[in-house]
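S.K.: Below is a structure I'd like to ask you about.
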Amino acid sequence: MSVLKTTLSQLETRLQSLIEGSAARLFPSNQAPGDLADRLLTALRDGIRTSPDGEMLAPNLFILKAHSTRVDALRENRPLLEELARLLHEAGQEASLHFSGPPVLRVEDAPELSVGEIRVVARNSLDGLSNTTDFQALESDRESELPRNAFLIVDGIQSYPLTQRVVNIGRRSDNHLVIDDPRISRLHAQLRAVRGCYVIFDLDSTGGTWVNGRRIHQQALYPGDVISLSGLPLVFGQDGSGAGETQEFTALP
264 MSVLKTTLSQ LETRLQSLIE GSAARLFPSN QAPGDLADRL LTALRDGIRT
314 SPDGEMLAPN LFILKAHSTR VDALRENRPL LEELARLLHE AGQEASLHFS
364 GPPVLRVEDA PELSVGEIRV VARNSLDGLS NTTDFQALES DRESELPRNA
414 FLIVDGIQSY PLTQRVVNIG RRSDNHLVID DPRISRLHAQ LRAVRGCYVI
464 FDLDSTGGTW VNGRRIHQQA LYPGDVISLS GLPLVFGQDG SGAGETQEFT
514 ALP
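For the working numbering, count along the sequence shown from 1 and bump the result up by 263.
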C-alpha cells in the first residue's frame, strides 16, 4: 500500500472516531455525524497535494454548502464549527499532513441543494489569506474591524506596529514580519483581525507557538500577552502602552 493510501486510511479511521465521539453531542438529533465526517474526509482527501520534497500538503479552508434554510443555524453553531476545525487539524497532523494554516470552516448558501443536503469543498487559502476574513465561520468586514494602536515587541527590543488585518510572521523574506532567527519556521505564525481583536494562529510550525506559557493552535490576544515562537519572545500590546521605549522594527513592504 502506498504512503498516501496508508495515510488516508489512518486519517479516515481517526476522523470518524473523533467526530463520532467528541463532536457528536453538537449535532442535531436528526443528523448523523458520520455523514459530515465522510464529506469532510472526501474534501480533505481530494485536496491533498504532494510537494516537491515529498511532504503531503492538506487544504485548510473547508466550505460547507447548505440550503438557505439551514445556513443561519450552521453559522450560529460556532462550537460545532470550531470543534470540527480542531478535529480536522488533529487528525491531519496525526496522519503527517502539513497545513498551510489552521483549518477553517466556512458556511455558504447553496439554494440549489435539498434542505437536508450538505456539500463540502476544500481548498488551500494561503494564497488568499490577505483577502479573506475566515475564522472558523464567515466573518463580516465589521466583525473584522482592525484593532487600534496594536503592536508587537519583538525579542524585548523592537516594536512592530500592527496596521493590517492579516500579518504573516516567519523567517521567509515575503512575510509581513520577517524574523531572521534559525528557531523560527519559514512561515511560522499569523495574526488575523477578528471582531476587533487580533487572533494568533500557529501555521504548523516546527517549534510551535506559545501564549503565556501554553502551546496553542489559535488564541485571541490581549494587551500584555507574552507570545513565544520556538522560544523567541514577543509581547502583544495595544493603545501605545510601553511602545515608546523601544526602537521601530522595519519589516519588508
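Yeah, the Cβ is synthetic: ideal placement off N, Cα and C, and Gly gets one too.
Please report how far the alpha carbon of L497 lies from the alpha carbon of A452, in whole angstroms.
M.R.: 12 angstroms
S.K.: Quick test of your reading: Y423 and V429, contact by CB under 8 angstroms. State the CB separation rounded to the nearest angstrom.
M.R.: Between V429 and Y423 the Cβ distance is about 14 angstroms, and since that is not below 8 angstroms, they are no contact.
S.K.: Following the continuous beta strand (DSSP E) through G500, name the residue where it begins and the one where it ends.
M.R.: L495 to Q501
S.K.: Starting from the N-terminal side, write out each stretch of the alpha helix (DSSP H) that is 4 residues or longer and does not extend beyond the region 301-385.
M.R.: 331-339 and 341-357
S.K.: Grab the span of the beta strand (DSSP E) containing T472 for me, first residue to last.
M.R.: T472 to V474
S.K.: Hey, could you find the ends of the beta strand (DSSP E) N431 is sitting in?
M.R.: V429 to G433
S.K.: What's the gap between the Cα of R382 and the Cα of R369?
M.R.: 12 angstroms
S.K.: Of the residues A354, L495 and D372, which one's Cα is nearest the Cα of I420?
M.R.: Ranked by how close their Cα comes to the Cα of I420, the residues A354, L495 and D372 have L495 in first place.
S.K.: Give the DSSP-derived three-state secondary structure of L299 in the structure shown.
M.R.: L299 falls in the helix class under three-state DSSP.
S.K.: Smallest Cα separation from V384: which of A300, G471 and I490?
M.R.: A300
S.K.: When the Cα of E371 is compared with those of L324, L360, H361 and G364, which residue comes out closest?
M.R.: L324
S.K.: What's the gap between the Cα of R458 and the Cα of E357?
M.R.: 31 angstroms
S.K.: Just to confirm my understanding: we take I465, look at its own chain, exclude 5 residues before and 5 after, and list those with CB closer than 6 angstroms. What are they?
M.R.: Checking the sequence, you will find Asp at residue 465 rather than Ile. Same-chain partners within the cutoff: A452, T472 and H480.
S.K.: Going by beta-carbon coordinates alone, are S438 and L450 separated by less than 9 angstroms?
M.R.: According to the sequence as given, residue 438 is Asn; it is not Ser. For N438 and L450, yes; Cβs fall inside 9 angstroms.
S.K.: Leaving out the 5 sequence neighbours to the left and right, which residues in its chain are closer than 8 angstroms to D443 when beta-carbon positions are compared?
M.R.: R434
S.K.: Beta-carbon within less than 6 angstroms of G310's beta-carbon, same chain only, minus the 5 sequence neighbours each way: which residues are those?
M.R.: P322 and A385
S.K.: Could you please give me the residues that DSSP links to S436 through a beta bridge?
M.R.: In the DSSP assignment, no residue is bridged to S436.
S.K.: Might you give, ordered along the chain, the residues of its own chain that have their beta carbon closer than 8 angstroms to the beta carbon of P410, omitting 5 neighbours on each side?
M.R.: L425, A456, G459, C460, Y461 and Q501
S.K.: Identify, in the order they occur along the chain, each residue of the same chain with its Cβ nearer than 7 angstroms to the Cβ of F414, setting aside the five sequence neighbours on each side.
M.R.: Within the same chain, S422, Y423, P424, L425, G500 and A506 come within 7 angstroms of F414 by CB-CB distance, once the 5 residues on both sides are set aside.
S.K.: What span of residues does the beta strand (DSSP E) with R458 cover, start to end?
M.R.: Counting along the chain, R458 falls outside any beta strand (DSSP E), and DSSP gives it neither H nor E.
S.K.: Look up Y423 in the DSSP assignment and give the residues it is bridged to.
M.R.: Per DSSP, L415.
S.K.: Distance, Cα to Cα, E375 vs P342?
M.R.: 27 angstroms
S.K.: The beta strand (DSSP E) that contains L492, what's its start and end?
M.R.: V489 to L492
S.K.: Taking just the CA atoms, how far does E380 sit from F512?
M.R.: Confidence at F512 is low in this model, with a pLDDT of 42, below 50, so the placement of that residue should be treated as unreliable; the coordinate-derived value is given next. Note on geometry: alpha-carbon atoms of F512 and E380 lie some 50 angstroms from one another.
S.K.: I442 bridges to which residues according to DSSP?
M.R.: Paired residue(s): none; I442 is not in a bridge.
S.K.: Using a Cβ-Cβ cut-off of 6 angstroms (strictly less than) and excluding sequence neighbours within five positions of G487, which residues of its own chain qualify?
M.R.: none
S.K.: Label E318 either buried or exposed according to how many other C-beta atoms from any shown protein chain fall within 10 Å of its C-beta, with 16 as the threshold for buried.
M.R.: exposed
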